[in-house]
Every structure is written in structure tokens, then in C-alpha cells.
Amino acid sequence: MPALPALLAKADELAGWRRDLHAHPELAFREHRTADTVERRLRAFGVATHRVTETGVVGLLEGARPGPGRLGLRADMDALAMEERTGLPYRSTHPGAFHGCGHDGHTTMLLAAARHLSETRDFAGAVRFIFQPAEEGSAGAKAMVEAGLFERFPCDAVYGLHNWPGLPRGHVAVRPGPMMASADQFDVLLTASGGHAAMPHQCTDPVVAAAHIVTALQTLVSRRADPADAAVVSVTRVEAGSAYNVIPETALLRGTVRSLRPETRDALEAGVRQIAVGVGAALGVSATVDYRRGYPSTVNDEGPAAVIARVASDVVGAERVHTDRPPSMGAEDFAFLLQACPGAYFWLGAEGREGCGLHHPGFDFDDALLPIGATLWVRLVETELS
Ligand code: NI
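Shown next, in the form of C-alpha cells:
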């Protein structure tokens, strides 16, 4: 595999670091042991550290040569709130927490790059190693931006990487424009009169209204969104009733909305409200819509995306770099960093353990990626800050 020999020689040590993090996963904003470990290692490498938010760590390193360039490299550190089912010797020792998304690997790859760069310093300018909390649903990147990340440590560009089962091991995918989707949630509460199931003419029925609304919501993607654009509306929870012979007074619908473009997101939100309220009204039922915007879409800037494609081509070979893969409809809080600073987010192909994908209880990070990911970071710094 195409990694720097100095990093390849350390592969076993890096796997040890990664497995230690894996055994001690921590949930959003509670990454105390992880942040302490990162900070201790960075300091041992001669990298100055600062906290941005309670568990966010930023390491600062200057190159051997002066230069105006400032690059941000980001790794996420948090685990998922789920139980691990791998049976591995270094499995989670924290009940209810599991590194099922490989953030233990992301943290290790960035630490390895920090050590290598601190030893070689073969660049001009400054690198900011950004170790962020709470990627999994709690917007740790947003918290760091709001805590002054880029005011305190300005960056010309910021980069993030995620291991990606499904893409062959060691391949890289990056594209200009949307890379990941926005993710919103909605709750629709339908309120009706309810009554005796044998006398429907004497009441209004939230169950029939809910059924029509679920069906009508499907027209948002098929009729309202541009067919050449991607969008998802999924109703994932339906709750109503308690008996065979009672029409209930309420019904609840919940779901998620994904899109790649802001204008599509606006149209889908308006559509969810309009359909819930309008279809409900037509059937004599009142609808209350609680629509909550989550992560925005992760949109890569053209220049930085091209930089990643070029650096990755040098490291893993042009035939293993993909710039035409479609975006994922999953979401990623790196989006908030890209709203505050130009940059790019990219995928590093991984072999999931026994074919398990991200967020599967049997997933484990692919340790073969550690020297490759670290090499990508090192070469990015050395070529962009040459
Ligand atoms: Ni992840």
C-alpha cells in the first residue's frame, strides 16, 4: 500500500493507539479521556495545544520555513450511542458507547500525521490539527466554530476525511460541490375528535389522515424536487391508537428529510408543512408540524477538492482516485466548518470488518488505512505549504 515508509514502519504502534481509543469510546461532548490522550500525545510531539470547547483540541505546528499559508486538518473523536458486537479483544469497555463509525481511526491518522510533520517540518507556514467532539448528531463542529475556532486559528482551507466502506480499500473519493446531504427531522401531530370505531360519521379520524399524509409526502421527491437533483423524505415512525374499537384522538408521524441544495431543502420543508396541514384540513383534522433543521449539506469548494484529488493521485495513484462518485445522502457536521472556511471533505475507501458498514454493531476501523490516511495528511501539508 502506498504510504510513506516512515509511517508504514509505525503501523503496529498506530494500530495500538487506535485500539486503545476503540476500547474507551466516549459520547458527544464527553470525550474527556480521548481529548486528554490527544493533547498529551501532541505535546509529546512538540505540538502546542489549545482547547476550543471543553473537549475540542487544536494543535498548532509551524513549518521549518516561514510562510503565509495556514491549513486546518480535522478529525472527529466521538463514538456512537450503541452496543458493540464484535467480540474483539479491544472491544468497548464503556457500556452504551462504541466506535462504530471509525472516528478512533480518524483521530489516530491525524495524530500520526502530527508526529511525522513535527519531526520533519518540511513545509512553510502553519498547520492546525483540529480534533473535534460530537460529530454524531450533536454538531461539535458548529460548537467549535461558535467558540471562535477560526477567529483564534485562522485557516485558508480546512480538510476532513472519513473512512468509507464500499469504496475499495485505499481508494479516495472527492468531488466539488455537494458531498453529503443536509439532514432535517419533522414531527407531525394530528389532532381529531376520535370516537367509537363503529360510528365514524360522528367523529374525525387522525389515522386515515395520517395515511393520506404519508402517501402525499412521497410526492415531494417525485413531483416537487428537480428530478436531476437528489432528495429523500422518509416517514420513519407512525404512532396512533390503543384498541380495535376506538378511533383515537391523535396520531403522530415522524421522519427525516435529506437534500443536497439549499433551495431544495427550503422547498421540502415548505412542502412538509403544506401537505400535513392541507391534507389534514381536507380530512377535518388539525396538524401541528415541528420541523427541525439539522446538519446542512457538506459542500466542497472547487479548488480544495482539486487539491485533494491531486494529492491523493500522488499518494495512492490516479487510477484509485474518484471524482465522479455521487454524493451520499448521509450527513456530516464538517458542513459547518465548510460554511465558515473554504475546504473539502473526502472519503478514504475501507474494508469493513466481515463486510460490516459504518454504524453496524460489528464494524471495526480498517487498521490498514492508518499509514495511508496519515500519508495523505502529510503530503497535503507538504504540497500545499511548499
Ligand atoms: Ni462518522
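Numbering (our numbering), first residue to last: -18 to 367. Each residue gets a CB set at the ideal place from its N, CA and C atoms; glycine is no exception. Computed from a predicted structure; not experimentally measured.
(request) Give every residue of the same chain whose Cβ lies closer than 8 Å to the Cβ of residue -9, excluding the five residues on either side of it in the sequence, and list them in chain order. (result) Contacts found: 93 and 352.
(request) Specify the secondary structure class of residue 291 as computed by DSSP and reduced to three states. (result) helix
(message) Given a cut-off of 8 Å on the beta-carbon distance, is the pair residue 139 and residue 55 in contact?
(response) For residue 139 and residue 55, yes; Cβs fall inside 8 Å.
(request) Could you tell me the boundaries of the beta strand (DSSP E) in which residue 135 lies? (result) Residue 135 -> no beta strand (DSSP E), and no H or E assigned at all.
(request) Pick out the complete alpha helix (DSSP H) segments inside the region 261 to 330, 4 residues or longer, and give them in chain order. (result) 283 to 297 and 315 to 321
(message) To the nearest angstrom, how far is the alpha carbon of residue 279 from that of residue 227?
(response) 46 Å
(request) Evaluate the contact criterion for the region 212 to 219 versus the region 235 to 243: three or more CB pairs, one atom per stretch, below 8 Å. (result) yes
(request) Would you mind reading off the limits of the alpha helix (DSSP H) that contains residue 354? (result) Residue 354: member of the alpha helix (DSSP H) spanning 351 to 365, first to last residue.
(message) Within the continuous alpha helix (DSSP H) that includes residue 90, where are the two ends?
(response) 84 to 101
(message) Here's the rule I'm using: 16 or more other beta-carbon atoms within 10 Å means buried, otherwise exposed. How should residue -18 be labelled?
(response) With a pLDDT of 48 at residue -18, under the threshold of 50, the modelled position of that residue is not reliable, and the figure given next carries that caveat. Result: exposed.
(message) In the DSSP assignment, the alpha helix (DSSP H) including residue 168 goes from what residue to what residue?
(response) Counting along the chain, residue 168 falls outside any alpha helix (DSSP H), though it belongs to the beta strand (DSSP E) covering 163 to 172.
(request) May I ask you to report which of helix, strand or coil DSSP gives residue 221? (result) The answer is strand: DSSP assigns residue 221 an E or B state.
(message) I believe residue 85 touches residue 3 by the beta-carbon criterion, under 8 Å. Please report the beta-carbon distance rounded to the nearest angstrom.
(response) The C-beta distance from residue 85 to residue 3 rounds to 5 Å, short enough to fall under 8 Å.
(request) Label residue -16 either buried or exposed according to how many other C-beta atoms from any shown protein chain fall within 10 Å of its C-beta, with 16 as the threshold for buried. (result) buried
(message) My assumption, with CB atoms under 8 Å, is that residue 62 sits in contact with residue 40. Please give the rounded CB distance.
(response) Rounded, the Cβ-Cβ distance is 27 Å, inconsistent with contact.
(request) Go to residue 236, then tell me how far its alpha helix (DSSP H) extends in each direction, as first and last residue. (result) First-last for residue 236: 231 to 240, but that is the beta strand (DSSP E), not the alpha helix (DSSP H).
(message) Measuring only the C-alpha atoms, how far is residue 331 from residue 143?
(response) 9 Å
(request) Sort 191, 125 and 15 by Cα distance to residue 270 and report the nearest one. (result) Looking only at 191, 125 and 15, the smallest Cα-Cα distance to residue 270 is reached by 191.
(request) Using beta-carbon positions only, say whether residue 151 and residue 302 come within less than 8 Å of one another. (result) no
(request) Answer yes or no: do residue 281 and residue 181 have a C-beta to C-beta separation smaller than 8 Å? (result) no
(request) Under 7 Å Cβ to Cβ from residue 66, same chain only, skipping five residues before and after it: list those, please. (result) 342 and 343
(request) Pick helix, strand or coil for residue 243, following the three-state DSSP scheme. (result) helix
(request) Count the other C-beta atoms from every protein chain shown that fall within 10 angstroms of the C-beta of residue 365, then say buried if there are 16 or more, exposed otherwise. (result) buried
(message) By alpha-carbon positions, which one of 362, 329 and 319 ends up nearest to residue 348?
(response) 329
(request) Determine the direct distance from the alpha carbon of residue 232 to that of residue 219, and round the result to whole angstroms. (result) For residue 219 and residue 232, the distance between alpha carbons rounds to 7 Å.
(message) So within the region 44 to 80, which uninterrupted beta strand (DSSP E) runs reach at least 3 residues, ignoring any that extend past its ends?
(response) 46 to 57
(request) Specify the secondary structure class of residue -17 as computed by DSSP and reduced to three states. (result) coil
(request) With residue -1 as the anchor, note down where its beta strand (DSSP E) starts and where it stops. (result) Per DSSP, residue -1 belongs to no beta strand (DSSP E); it is in the alpha helix (DSSP H), -8 to 4.
(request) Would you kindly check if the distance between the Cβ of residue 109 and the Cβ of residue 22 is under 8 Å? (result) No, Cβ-Cβ distance for residue 22 and residue 109 is not below 8 Å.
(request) Taking all protein chains shown into account, decide if residue -3 is buried (16 or more other Cβ within 10 angstroms of its Cβ) or exposed. (result) exposed
(request) Please decide whether residue 98 counts as near chain D, where near means a Cβ-Cβ distance under 8 Å. (result) Chain labels in this structure do not include chain D; a single protein chain is all it has.
(message) Comparing C-alpha positions only, which one of 35, 252 and 324 sits nearest to residue 199?
(response) 252
(request) Please state if the CB of residue 105 and the CB of residue 44 are separated by a distance shorter than 8 Å. (result) yes
(request) With distances taken Cα to Cα, identify the nearest neighbour of residue 245 among 326, 356 and 205. (result) 205
(message) Can you find the residues in the same chain that come closer than 7 Å, C-beta to C-beta, to residue -1, ignoring five residues on each side of it along the sequence?
(response) So the list reads 85, 86, 89, 346, 348 and 351, once near-sequence residues are dropped.
(request) May I ask you to list the residues that DSSP assigns as paired with residue 31? (result) 39
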